[in-house]
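In my numbering, the protein residues as written are 164 to 473. Just so you know, even glycine gets a beta-carbon here, dropped at the ideal spot from N, CA and C. Data first, discussion second: the structure below is written as structure tokens.
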Amino acid sequence: MDMNEYAIGIDLGGTAIKYAVVSRSGEIPFEGSLPTPATEGADAVIAALATAVKACREWAEASAITPIGVGIGTPGIVSPDKRRVLGGAENIAGWENVSLADALEKLCGMRVAASNDANAMAVGEWMFGAARGVSDALFITVGTGIGSAALINGHMWRGHEGRGMEVGHITVKCDGEECNCGGRGCLEHYASTAALVRRYKTLSGREADGREIVRLYHDADPVATQAMSEHWMYLGHGIASVINVFAPERVVVGGGISEAGDFYFERLRRVVGVQVMEVCAAGTSIVPAELGNRAGCLGAAALILFPEKI
Ligand code: BGC
């Protein structure tokens, strides 16, 4: 096995496209990001992905490295052949029935494979981060949307035809507001970073991003305190429900807000602890993702470097 083999890993998010050149041993000698044109339609997003690939290839060429393919983690349900986005990615306009791999291969002349973004993050954390050596784990990413993946008995599981594991769309409020997915009261609608930002704005009339809200929370701002408490309440209830179903050894929580610090996890664990069935959670720990933003790119590159894992 050539440990010096490289692939390009891309993490497509509702806000940013993160890209990296990744080696088989999990090193990232080059990385960058650009904004996602999330409201401009599929062609614009594919063009932005091609720009990301180009940046990686230019760096690789100057470094005498030849990446062997491009792996992409994308929101939504991806066909089992890892080539098409079928749907379920409402945070990106027109990201439905998209022949992602065909279109990007045509633009870049390189082999492309795709997977759900949370699945890619999970593989990154399983191979190189917080779930190393574990065979039963749940992964939750909290960002513009809420994504998830399940490692069951050492295999990534996404349900029949890979259409499942959308924990962001489990119901946490029966009579709740409409979610982007068309359902009501979804976890994502109440506990994503986008939801936190929206809630803060509703309560205060002011705009602030997730980082700013966390800062205001530390300053004991009453509105930020309320918005954060509601965030923990919904996220904690969602996590408690999936622990009751899967009884994972580890729950790995990632996404920008999970990097807020220990206090974030202390509060989250407290909510989960009250709601979960104690007997189901006896062997479960809830931990932050270790690789931060890089997990998605590492896991996406694994689509090319370690196709048997994902
Ligand atoms: C999508 C998921 C995705 C998550 C994170 C959700 O809205 O339904 O497929 O994993 O966002 O991007």
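- prompt: Rounded C-beta distance between V416 and A300? I'm assuming under 8 Å.
  reply: Not a contact, Cβ separation roughly 11 Å.
message: Using C-beta distances below 8 Å, list every residue in its chain close to D338, excluding the 5 sequence neighbours before and after it, in chain order.
response: Here the set comprises R347, G348.
- request: Give the straight-line distance between the Cα atoms of I449 and H318, rounded to the nearest whole angstrom.
  value: The alpha-carbon atoms of I449 and H318 are separated by roughly 20 Å.
message: For A313 and A285, I'd like the C-alpha separation in whole angstroms.
response: Taking the straight line from one Cα to the other gives about 8 Å.
query: Is it right to say N474 is buried, meaning 16 or more other beta carbons lie within 10 angstroms of its own, or is it exposed?
result: Outside the modelled stretch of the chain, which goes from 164 to 473, sits residue 474, for which no answer is possible.
message: Looking at the ligand BGC, does it come within less than 7 Å of P198, judged from the CB to the closest heavy atom?
response: Look at P198: its beta carbon is at least 7 Å from all of the heavy atoms in the ligand BGC.
task: Note down the Cα distance separating G327 from I240, rounded to an integer number of angstroms.
output: The alpha-carbon of G327 is positioned some 8 Å away from that of I240.
query: Do you know how far the Cα of R220 is from the Cα of A463?
result: Distance between the alpha carbons of A463 and R220: 16 Å.
task: Quick one: grab the DSSP three-state call for T304.
output: Three-state DSSP puts T304 in a strand.
message: At 4 residues or longer, what runs of the alpha helix (DSSP H) sit wholly inside the region 322–396?
response: Listed in chain order, the complete alpha helix (DSSP H) runs (minimum 4 residues) inside the region 322–396 are 350–354, 356–367, 373–381.
query: Going by the C-beta, is T304 closer than 7 Å to any heavy atom of the ligand BGC?
result: T304 Cβ: within cutoff of the ligand BGC.
task: Would you check whether the ligand GDP has a heavy atom nearer than 7 Å to the C-beta of D280?
output: With respect to the ligand GDP, the structure shown offers nothing to examine, as its ligands consist of the ligand BGC.
- request: Could you pull out every residue in the same chain whose Cβ sits closer than 6 Å to the Cβ of A252, ignoring the five residues on either side in sequence?
  value: Apart from the 5 residues on each side of it in sequence, A252 sits with its Cβ closer than 6 Å to the Cβ of P238, G239, W258 in its chain, given in chain order.
field: DSSP three-state assignment for R433, whether helix, strand or coil
entry: The answer is helix: DSSP assigns R433 an H, G or I state.
task: Enumerate in chain order the residues of its own chain whose CB-to-CB distance from E412 is below 8 Å, with the five nearest sequence positions on each side excluded.
output: Shown here for E412: same chain residues with a beta carbon closer than 8 Å to its own, the five before and five after excluded, namely V297, S298, D299, A300, G446, T447, S448 in chain order.
Residue nearest to T214 in terms of C-alpha spacing, selected from V405, T334, E268: That would be E268, whose Cα lies nearest to the Cα of T214.
Where the beta strand (DSSP E) through L314 begins and ends: Per DSSP, L314 belongs to the beta strand (DSSP E) from 309–315.
- prompt: Considering only residues of the same chain and omitting the five flanking positions on each side of N316, which have a CB-CB separation below 8 Å?
  reply: If we look at N316 and ignore the five residues flanking it on each side, its Cβ neighbours are S298, D299.
- prompt: Any heavy atom of the ligand BGC closer than 7 Å to the Cβ of G373?
  reply: Because no heavy atom of the ligand BGC lies under 7 Å away, the Cβ of G373 does not count as near it: no.
Any non-hydrogen atom of the ligand BGC within 7 Å of E190 CB: No, the beta carbon of E190 sits no closer than 7 Å to any heavy atom of the ligand BGC.
- prompt: How is N282 classed by DSSP in three states: helix, strand or coil?
  reply: N282 sits in a helix when the DSSP states are folded into three classes.
- prompt: In three-state DSSP terms, what is I231?
  reply: Three-state result, I231: coil.
field: A327: CB within 7 Å of a non-hydrogen atom of the ligand BGC
entry: Here residue 327 turns out to be Gly, not Ala, going by the sequence shown. Outside the cutoff, so no.
- prompt: DSSP three-state call for M440: helix, strand or coil?
  reply: Reduced to three states, the DSSP call for M440 is coil.
- prompt: What are the start and end residues of the beta strand (DSSP E) that includes E194?
  reply: Looking at the DSSP string, the run of the beta strand (DSSP E) that includes E194 is 193–198.
- request: Mind the definition here: the region 456–471 touches the region 424–435 only if three or more C-beta pairs lie below 8 Å; say whether that holds.
  value: Contact between the region 456–471 and the region 424–435 is absent, because fewer than three Cβ pairs lie under 8 Å.
query: So what does DSSP say about S186, is it helix, strand or coil?
result: For S186, the three-state secondary structure derived from DSSP is strand.
message: For R187 and V439, I'd like the C-alpha separation in whole angstroms.
response: Taking the straight line from one Cα to the other gives about 38 Å.
message: Do G177 and A210 have their beta-carbon atoms positioned less than 8 Å apart in this structure?
response: No, Cβ-Cβ distance for A210 and G177 is not below 8 Å.
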